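Shown next as structure tokens:
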């Protein structure tokens, strides 16, 4: 019987984290920005059909970057989790915090116990009845959760985008202002992003029961040039 | 609650009913016929008109000889462009509507696209079919389904039988204990190019006449301000008609004489 080589647990975790980070860094990033009437989510996404930003429930949205099949599996699980909970209890009992915890549990479990960690980074955003109740949870490949209260950046280039967004962000921006800040942070100084390269959605307080709405290229083109 | 994750071969796909079956066991009905007094919803109808369809239902629910509710709602939005109206055992009917609404929304979120109107009608058919064992024990639910077909740009109406049979009707549909009387009134006043106001007038009149002939159908109550639930479904989506409009409609009917 051959003896497996001893590998220090630190090394195992580090290798897995590096692997996951490399996978995530291959794709484009996404940001969520709190604005006066809700939460804006912008992803750099050339595909019009393979979404990175989606609706989970009445007031909850999801954004994922990294490996598409993996975050899409998480998205569908989130929709199921929320719909089941709303069916068994009440629509009001479905909240982003519990969903973020469920994601974190699952990602943490996979990170420590499976051969391959998930190469994803996700956001779970919930628009509240008033701006103070807006919530954005940022969940990493290893299951760590960060609760963000102004904006959140996911993806490989998060640090640079985050520092650009930090400079442009101010509380109480309107939708167009938030969109400008998000798009210019994603693009950086050397590029300009146009409507077809972006996937944009809002969770807006004024949208009725289902707060989620996608902004199409027409809406975006108008707001980006304004 | 942990995240519902399934292996590829066991995945319920976009069906919420299948998902429910995977995660929980529903209690089967006890065997045999039961002599229970069950709350029943009564008369509902749907009529096609120029812009789409109008659906309406009275507000009465009965348990045997008793009137158990004066303000029950029997017409519900299924999603933005369709509505469902229910007649029959109220408990399972309302549960069915809730499941149906969820199913349409669940499909839309999981798949990223909305079901076709035909697809929605078929989904409801499956739900009525799965209620058949309960229907055999006296808990029948017979819904009507109406909606605006955005791909064909027309309003469409469907009615069902307890076995899940689905029948598309071109002009009007009705269900429940007062449906015979209500549909006679609709038949006499129907015209394919009815305006919105005329279509609302027609369904309110039909329910008014049905309430005169059928004890289980509730008429409009001007004293308490209880009016039928009436909703239009057009290219603009599902919109419930407000009580002020219904009140003036009822007042015109009453002023015109009950014997008309």
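Residue numbers (my numbering), protein chains in the order written: chain A, 3 to 228; chain B, 4 to 263.
Here a beta-carbon is modelled for each residue, glycine too, at the ideal position from N, C-alpha and C.
Computed from a predicted model, the values in this text were never measured in an experiment.
Taking each of 49(A), 31(A), 210(A) and 11(A) in turn and checking the Cα distance to residue 218(A), the smallest one comes out for 49(A).
Residues of chain B with a Cβ closer than 8 Å to the Cβ of residue 204(A) do not exist, since the nearest Cβ in that chain sits about 16 Å away. Unbroken alpha helix (DSSP H) runs of no fewer than 4 residues, entirely contained in the stretch 92-128 of chain B, are found at 93-114, following chain order. Taking each of 164(B), 139(B), 121(B) and 183(B) in turn and checking the Cα distance to residue 155(B), the smallest one comes out for 121(B).
Neighbours of residue 22(B) in chain A, taken as residues whose beta carbon is under 9 Å from its own, are 82, 85 and 86 in chain order.
Per the C-alpha coordinates, the member of 68(A), 52(A), 124(A) and 58(A) positioned closest to residue 82(A) is 58(A). Rounded to whole angstroms, the Cβ separation of residue 89(B) and residue 44(B) is 6 Å, and the two are in contact under 8 Å.
For residue 18(A), the closest of 151(A), 213(A), 144(A) and 163(A) by C-alpha to C-alpha distance is 144(A). Secondary structure note for residue 226(A): its alpha helix (DSSP H) is the uninterrupted segment 219-227. In this structure, 99(A) is the residue among 162(A), 181(A), 187(A) and 99(A) with its C-alpha nearest to the C-alpha of residue 64(A). Chain-ordered listing is empty here: chain B has no CB closer than 8 Å to the CB of residue 143(A), the nearest sitting near 16 Å.
Interface residue (Cβ-Cβ distance to chain B less than 8 Å): residue 78(A) is classified as such.
Put simply, of 43(A), 24(A), 93(A) and 7(A) the residue whose alpha carbon is nearest the alpha carbon of residue 140(A) is 43(A). Residue-level contact check: residue 103(B) does not touch chain A, since none of the beta carbons of chain A fall below 8 Å from its beta carbon.
Where residue 254(B) is concerned, the enclosing alpha helix (DSSP H) starts and stops at 246-258. When beta bridges are read from the DSSP output, residue 236(B) appears opposite 56(B) and 241(B). Annotation for residue 28(A): the continuous alpha helix (DSSP H) segment containing it runs 11-28. Between residue 47(B) and residue 185(B), the alpha-carbon positions lie close to 9 Å from each other. For residue 65(B), the uninterrupted beta strand (DSSP E) run begins and ends at 64-66, by DSSP.
Residue 158(A) and residue 23(A) have their C-alpha atoms spaced approximately 7 Å apart. Those residues of the stretch 119-134 of chain A placed with their C-beta closer than 7 Å to a C-beta in chain B do not exist. At least one beta carbon of chain A lies nearer than 8 Å to the beta carbon of residue 8(B). In the DSSP assignment, residue 160(B) falls within the beta strand (DSSP E) that extends over 157-163.
Residue nearest to residue 139(B) within the set 21(B), 165(B) and 223(B) is 165(B) (criterion: CA-CA distance).
Contact between the stretch 209-216 of chain B and the stretch 242-250 of chain B is absent: fewer than three C-beta pairs spanning the two stretches fall below 8 Å.
Taken in chain order, the complete beta strand (DSSP E) segments of 3 or more residues contained in the stretch 49-93 of chain A are 55-59 and 62-68. With respect to residue 187(A), residue 33(A) sits close: the two C-beta atoms are nearer than 8 Å. The C-alpha of residue 160(A) lies about 7 Å from the C-alpha of residue 31(A). At a cut-off of 8 Å between beta-carbon atoms, residue 77(B) makes no contact with chain A. By the CB criterion at 8 Å, residue 158(B) and residue 58(B) fall outside the cutoff. Looking from the CA of residue 51(A), the closest CA among 209(A), 192(A), 89(A) and 199(A) belongs to 199(A). Between residue 205(A) and residue 41(A), the gap from beta carbon to beta carbon is short of 8 Å.
When C-beta distances to chain A are compared with 8 Å, the residues of the stretch 103-135 of chain B below that value are 105, 108, 109, 112, 113 and 115, in chain order. Residue 24(B) counts as exposed, since fewer than 16 other beta carbons sit within 10 angstroms of its beta carbon. Excluding its 5 nearest sequence neighbours in each direction, residue 62(A) has C-beta neighbours in its own chain below 6 Å: 98 and 128, listed in chain order.
Distance from the CA of residue 163(A) to the CA of residue 103(A), rounded to the nearest whole angstrom, comes to 26 Å.
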